[in-house]
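Quick note, this note's numbering runs 27 ahead of the 1-based positions in the sequence shown. For glycine and all other residues, C-beta sits at the position ideal for the given N, C-alpha and C.
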Amino acid sequence: MKKKILITSALPYANGPIHFGHIAGAYLPADVYARFERLKGRDVLYICGSDEYGVAITLSAELANRTPKEHVDIYHEMIKDFFEKLNFSFDHYSRTTTEIHKKLSQEFFLDLYKNGYIEAKTEKHLFSEKENKFLADRYVIGTCPKCEYEFARGDECPKCSRAFDAKELKNPRSKLTNSKLILKPSKHWYMRFDKFKEKLSSWIKDKDWKDSVLNFSKEYIKDLKERAITRDSTWGVPVPLEEAKGKVLYVWFDAPIGYISATMEWAEKIGDKEKYKDYWFDEKTKLVNFIGKDNIPFHGVFFPAMIMGQKKPYKIVDDLPANEFLMLEKRQFSKSEKWYIDLKSFFEKFTTDQIRFYLASIAPETHDSDFLWKDFQMHCNSELVGKFGNFIHRTLTFIQRFADQKIPKSYALDDVDQKFLDDIIKSITDIDIAYSNYKLRKATQIIMELSQIANVYFDHKKPWKMAKDESKKEELFTCLNLCLKCIKALSLMTSPIIPTSSQKIWKMIGNESGLSQGKWDSVKNLNLEEGKKLPPPEVIFQKIEDEKVIEEMDKLKEALDDQNMPKKAIQDLKNEISYKDFDKIDMRVGKIIEAEKIEKSEKLLKLQVDLGFEKRQIISGIAKSITPDELLNKKVIVVANIKKAKLMGFESDGMILAAGEDDDSLEIPFIQDMEIGSSVC
């Protein structure tokens, strides 16, 4: 029986368009993983849908002079259209305003209520005397009780991602009028999450999740409290109790139930109403929730508890690969501040596969990352065109000219040929591991490394010289055959990330079928139909010209000027020193041979560094900007004669050079060719 994999992406909120920042976090990684697992022959179901309730929607609808339903209809279609443009492979895309979702959400509530996990009580809630009404969390701002951020929302802090009840805010005030709020009695229903501490702690202890996700969830469970799950509104799923008229379920409560209701809707669509149970009621199903880091408490704590309190045996999440945030040119995406990418303009100038590849290469997997227009251009031109596309086009053009347009036969391999073939096979194995572990950055690196290896092989073999010598024909054909094997591997390896381009490549090497379900192992063997005629090659990627990128950057510059937004300040120079002062600093090239995070520290890494003449332990405050895995075997610049110090109880004998203004955005300069121990002047 095929392994069943149920994949979900966080439901996008239908209160505005989504942007590339959202895509990089919870959607592209999920789509790549779904495509990969389908290639492996798994039974994959990829589910998503629009999240359409909540106070923010009623507020936006009021401002736009339309009903909440009219409002979500507009954005539901807009979001769906964006996903289609990006070639997302959802098996079903639903929405939470369906009758199926309403019924299931009410069933969830009643099960929890009857099982003693929901209690009603009258308590004081935030009330605006100026507006003469109780204010839901999204209408409230205040100071975060955790990190002291002054503009935390009523449900969570955007700075530290802490979720809380609005009443926990310091200095709560109305988001609309900025008026102070008072506490006034009102009856609501509360989920007793505190009753799930033991179950959740036992369930989560052996999870092999990202450290950041696992540690955050574990700490959150330790401090679990009851939490209000109802609010006063007419927009939302009605609370299914006679005494709760005028109350609806909080959107955070019903939204994750949307994964199940969407699967139920999918089952009805395919004509097998009970089919959803094959995934949700089977303990062997692997359930992966792809989310952004702001959604960790809801998926790592709250929703698992809600499922534990049910009468039905719903599947609980197995993996939670929450990503960090993607910025745009060092700032948060913001439609209101015109700091965004106009999607209509983007898709007129660039292709879907270009943006998919770039977002995969900068995926914010371990720390926030940045969409930079010049970097986007460089990745597309240098990597997709210069390395990847160039190798494919030169090989296929050569076969058209010198191999009678047919797949040439392979003869005896010399050492260089065998090494190239070994590298191809190793790359397929490595990228299998990367995709299995949701590491998109690593996958793009492997693709580009193999493309570079292939170009070096082609240049080393010099097929243009062999083509002029009849006695070298077998060598020539062997070289071209191996290059075709590499192209076949590249079409397989790139299929989850750039599906349209990989399908074009697949057809250019003589395949008429689609490159999709269950092809991984059959393609991995790299067999070729020797003698088969190949179609003329096409150019896969076009170079991005400077003027297109300059035009987009000018739009952002105009936004800065229009908003009078402060441009990034450059720090003043420090006091002047003499050459003699500088000459006292001994900087050496060191290779990092071990790296690990220091427990209970957010920013410190413990590094073992080989300086050639000795090995040193260095404690470096770079953990917020780079992971231990990204540092291993890299050569860095070390200040080798700085006085030893103790940090968090560990001795540090040296300092790693890094550039940046804060701990969250440091860049480490890596040395490529210099030997370890070399002096840096």
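His46 carries a coil assignment under DSSP once its states are collapsed to helix, strand and coil. Distances from the alpha-carbon of Ala294 to those of Val566, Val59, Leu72 and Glu578 put Leu72 closest. In this structure, the straight-line span from the alpha carbon of Val666 to that of Ile231 is close to 42 angstroms.
Counting only the Cα atoms, Lys671 lies some 46 angstroms from Ala481. A straight-line Cα-Cα distance of about 33 angstroms links Ile514 and Met701.
The three-state reading of DSSP puts His394 in coil, since its state is none of H, G, I, E or B. Beta-carbon to beta-carbon, Ala387 and Asn350 are separated by about 12 angstroms, too far to satisfy the 8 angstroms threshold. Beta bridge pairing from DSSP links Tyr120 with Cys75. Of the other Cβ atoms in all chains shown, fewer than 16 fall within 10 Å of the Cβ of Arg428; this residue is therefore exposed. In this structure Pro95 is in contact with Trp262, their Cβ atoms being roughly 5 angstroms apart against a cut-off of 8 angstroms. Lys624 sits in a strand when the DSSP states are folded into three classes. In this structure, DSSP gives Ile451 a helical state, which the three-state scheme calls helix.
Taking 8 angstroms as the cut-off, the beta carbon of Val344 is found no closer than this to the beta carbon of Tyr247.
For Pro526, the secondary structure class from DSSP, reduced to helix, strand or coil, is helix. Contact between the region 200 to 214 and the region 125 to 137 is absent: fewer than 3 CB-CB pairs across the two stretches fall below 8 angstroms. Per the DSSP secondary-structure output, Lys31 pairs in a beta bridge with Asp70. DSSP, read as helix, strand or coil, puts Gln644 in strand. With respect to Gln381, Phe109 sits apart: the two C-beta atoms are not nearer than 8 angstroms. If only complete runs of 4 or more residues are kept, the region 541 to 590 shows the alpha helix (DSSP H) at 547 to 551 and 573 to 590, in order along the chain. Rounded to whole angstroms, Trp216 and Glu89 show a C-alpha spacing of 27 angstroms. Here Tyr606 is exposed. Its C-beta has fewer than 16 other C-beta atoms within 10 Å. Contact between the region 541 to 557 and the region 59 to 67 is present: three or more C-beta pairs spanning the two stretches fall below 8 angstroms.
For Met218, the secondary structure class from DSSP, reduced to helix, strand or coil, is strand. Unbroken alpha helix (DSSP H) stretches of 4 residues or longer found wholly inside the region 187 to 259: 224 to 231 and 238 to 249, given in chain order. Every beta strand (DSSP E) stretch that sits fully inside the region 381 to 432 and reaches 3 residues is listed by chain position as 396 to 398. Counting only the Cα atoms, Ala516 lies some 21 angstroms from Ala430.
The C-beta distance from Ile368 to His46 rounds to 7 angstroms, short enough to meet the 8 angstroms contact threshold. A Cβ-Cβ separation of about 6 angstroms places Glu629 in contact with Lys651 under the 8 angstroms criterion.
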